[in-house]
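These notes concern the structure reproduced below.
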Amino acid sequence: MIAFFFVLLAVSFVSLVIQQFIPPLEFLHHARVFLMPLVLFYGALALPYGLMLALAFGCGLMWDAMSAQILDIKVAGMMTSTVEIALGWSILVYATLGSVMSGFRPLFKRGRWEIHCLMSGVCTSLIVLAEFLMLSVRRAALDHSAFVFTPEIGWRIGGAGLIALFLAPIAFWILSTLADLVGYNPRAAVKEEDS
Amino acid sequence: MKRFNILALVVFIVAVGGLFALGPGGTQKVQSTFLGIISPFLKTGSELEKKITAVRGGLKTLNQLETENKQLFVRNKELQAVNSTLRDLESENNRLRRALKYRERAVFRLVPARIIARDSSTWWNTVRIDRGFEDGIESDMPVLTEDGLVGKTTTVARNMSTVLLISDENCKAAASIEGTREQGIASGERISTSGIPLIGMRVLSKMANLQPGQKIYTSGVGGVYPSGVFIGAVKEFKVRELDSYATIVPAVDLTTLEDVFVVLGNK
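Protein chains in written order, with the numbering used here: chain Z, 1 to 195; chain R, 1001 to 1267.
Below, the structure is given as structure tokens:
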């Protein structure tokens, strides 16, 4: 189990690197391809709750470390640095969605692999939506910019989920194969936990 | 809930709380460390991507010629950038000498850098370059090409840096308009509705009356960007209730950008 947790953590890192080289998809209004959440959501089904939290921490920290923006703003005439979305917010979002996903473990135990596929699509969109809401609130507080939601923004949020929906079965198959390779049977582990 | 899960939850909350308590300095350190870890992977990925692209394009070149070509290419771009900067400075100098008898400005010290990765996030426009504090780069340094302004550095690791592109909403540059005394603030848009990233110019007076094609340059106010760097050309101009707003097409094609220069300072 622990070995598989580290395998998932390593795969998360690799998927984050690969993600950097995938350009946005023009036909989906420049929506982005997110691979790391697919790994996290598989982990939420395959790992016990405690290890899912650890995986969410690892993934969220890596994502925040890659994307956190440090801005210089003027407060009362003095220049000061601020972080747009602080380190830790993605971890909370990942852990919350991972917890929701964990609730579907009984279905996963019964062999319903499509749960990962459907929920990965929904949760990936929710991650992008959460980021958008956080930065909108933050920017509104900093420069009083208005809340804007255009169809383009909707496409970016929904498109990311659609892509995840289509990629999830492939991710599921790869990660299940890796679980076999390290001698971990996620479904048996869920049954064991229940008993 | 099992005891292990409760313990894991407590440790998780404490760890996340610890991260929230980090200020910008701490965040920058974490980012810098992580960029240091990930940079060899990104560089390898970038090389791999280039090789795949070269193979796909049917390009077959000798290693020696390729290396020489790369060096000449970088040198050529550097000279073009210096040239362009000199032209801008020359015209600015002439103007200022005539008007205010300002002292002649020196040209920039430029560090060539290659883009090794683009941000995969939806809401931020950043790229990673293969130069870091080992090459003298610090945060808030202007980044440009021979065509114009690209953005500025933010987080700097040992041999990799993050560049916030001018098409990002958070990247703000004081700008002036060619042939007028109008000044404004150029910054990116949260979401561009067209295929190409656009820049918005705010805080313009209602009397600005900009015409499509008019050129926008950095004004040098604010201290980050030197004056006279080409930002882009006006695409649209709208008069609003309190001010006016211009949409600018960036001078640099930010979507296909490969090589940039970081301005270390004046020569």
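Glycine is no exception: its CB is placed at the ideal position from the N, C-alpha and C atoms.
Just to confirm before moving on: does the CB-CB distance between residue i and residue j stay below 8 Å?
i	j	result
A189/Z	M1/Z	yes
Q1031/R	A65/Z	yes
W1124/R	F132/Z	no
A54/Z	F5/Z	yes
G1222/R	A1186/R	no
L71/Z	L1022/R	no
D1147/R	V1234/R	no
I1231/R	I1191/R	no
F1261/R	L1110/R	yes
I1177/R	V1156/R	no
F1020/R	G50/Z	no
T1154/R	S1139/R	yes
I1196/R	T1255/R	yes
Can you name, in chain order, every residue of its own chain whose Cβ lies under 6 Å from the Cβ of residue i, other than the five neighbours on each side?
i	result
G121/Z	G161, A164, L165
I1116/R	L1042, K1043, S1046, R1128, D1130
V1011/R	none
E152/Z	H29
Y1225/R	P1142, A1173, T1218
Within its chain, find whatever has a CB closer than 7 Å to the CB of residue i; leave out the 5 residues flanking it on each side and keep chain order.
i	result
M36/Z	S12, S15, L16, Q19, C59, W63
R1103/R	Below a pLDDT of 50, predicted positions are generally treated as unreliable, and R1103/R, at 35, falls in that range; the measurement from the model is reported next regardless. Cβ within range, chain order: n/a, list empty.
I1006/R	none
W155/Z	L28, H29, A31
S1120/R	none
L1100/R	With a pLDDT of only 46 at L1100/R, under the threshold of 50, the placement of this residue in the model should not be trusted; the figure read from the coordinates follows. Contacts found: none.
For the beta strand (DSSP E) containing residue i, name the first residue and the last one.
i	result
T177/Z	Where T177/Z is concerned, there is no enclosing beta strand (DSSP E), although the alpha helix (DSSP H) it sits in stretches over 151-181.
P1112/R	1108-1118
G1151/R	1149-1156
From which residue to which residue does the alpha helix (DSSP H) around residue i run?
i	result
F13/Z	2-20
E131/Z	114-143
L87/Z	Here L87/Z belongs to no alpha helix (DSSP H), and DSSP marks it neither H nor E.
Y49/Z	49-67
F1237/R	Run containing F1237/R: none in the alpha helix (DSSP H); it sits in the beta strand (DSSP E), 1230-1239.
I1006/R	1003-1020
V1224/R	Premise fails: V1224/R is in no alpha helix (DSSP H) and is neither H nor E.
M36/Z	36-46
P106/Z	105-109
Got a sec? Which residues, its chain only, sit under 8 Å from residue i by beta carbon, not counting five neighbours each side?
i	result
G1200/R	A1186, S1187, G1188, E1189, Y1245, A1246, T1247, I1248
G98/Z	L40, F41, G43, A44, M52, L53, L55, A56
V182/Z	A3, F4, V7
L1264/R	F1108, R1109, L1110, V1111, G1136, I1137, M1141
For the candidate residues the options, whose alpha-carbon lies nearest to that of residue i?
i	options	result
E1169/R	T1155/R, G1151/R, I1116/R	G1151/R
V1239/R	N1209/R, S1039/R, T1044/R	N1209/R
K1002/R	H29/Z, P48/Z, R139/Z	P48/Z
A141/Z	H29/Z, V7/Z, E84/Z, A31/Z	E84/Z
L1164/R	T82/Z, E152/Z, Q69/Z	Q69/Z
A46/Z	L135/Z, P151/Z, R105/Z, I153/Z	R105/Z
R112/Z	P169/Z, V128/Z, C123/Z	P169/Z
G1213/R	G1179/R, R1158/R, I1052/R, Y1225/R	G1179/R
Does residue i have its Cβ less than 8 Å from a Cβ in chain C?
i	result
F21/Z	Although the question refers to chain C, the structure presented lacks it and instead comprises the protein chains Z and R.
Item checked: Positions along the segment 1036-1048 of chain R whose CB lies within less than 7 Å of some CB in chain Z -> I1038, F1041, L1042, G1045
Note to self: Against chain Z, which members of the segment 1235-1255 of chain R pass a CB distance test of less than 7 Å?
What the structure shows: Within the segment 1235-1255 of chain R, no residue qualifies.
Note to self: Output needed in chain order: residues of the segment 87-101 of chain Z with a Cβ under 9 Å from some Cβ in chain R.
What the structure shows: L87, G88, W89, I91, L92, A95
Checklist line | Short-range partners of chain Z found in the segment 1015-1038 of chain R, where Cβ spacing is below 7 Å | finding: Look at the segment 1015-1038 of chain R: the residues with a C-beta under 7 Å from a C-beta of chain Z are A1015, V1016, L1019, F1020, L1022, P1024, T1027, Q1028, V1030, Q1031, F1034, I1038.
Check: Listed from N- to C-terminal order along the chain, which residues in the segment 28-51 of chain Z have their beta-carbon within a distance smaller than 8 Å of any beta-carbon of chain R?
Finding: H30, A31, R32, V33, F34, P48, Y49, G50, L51
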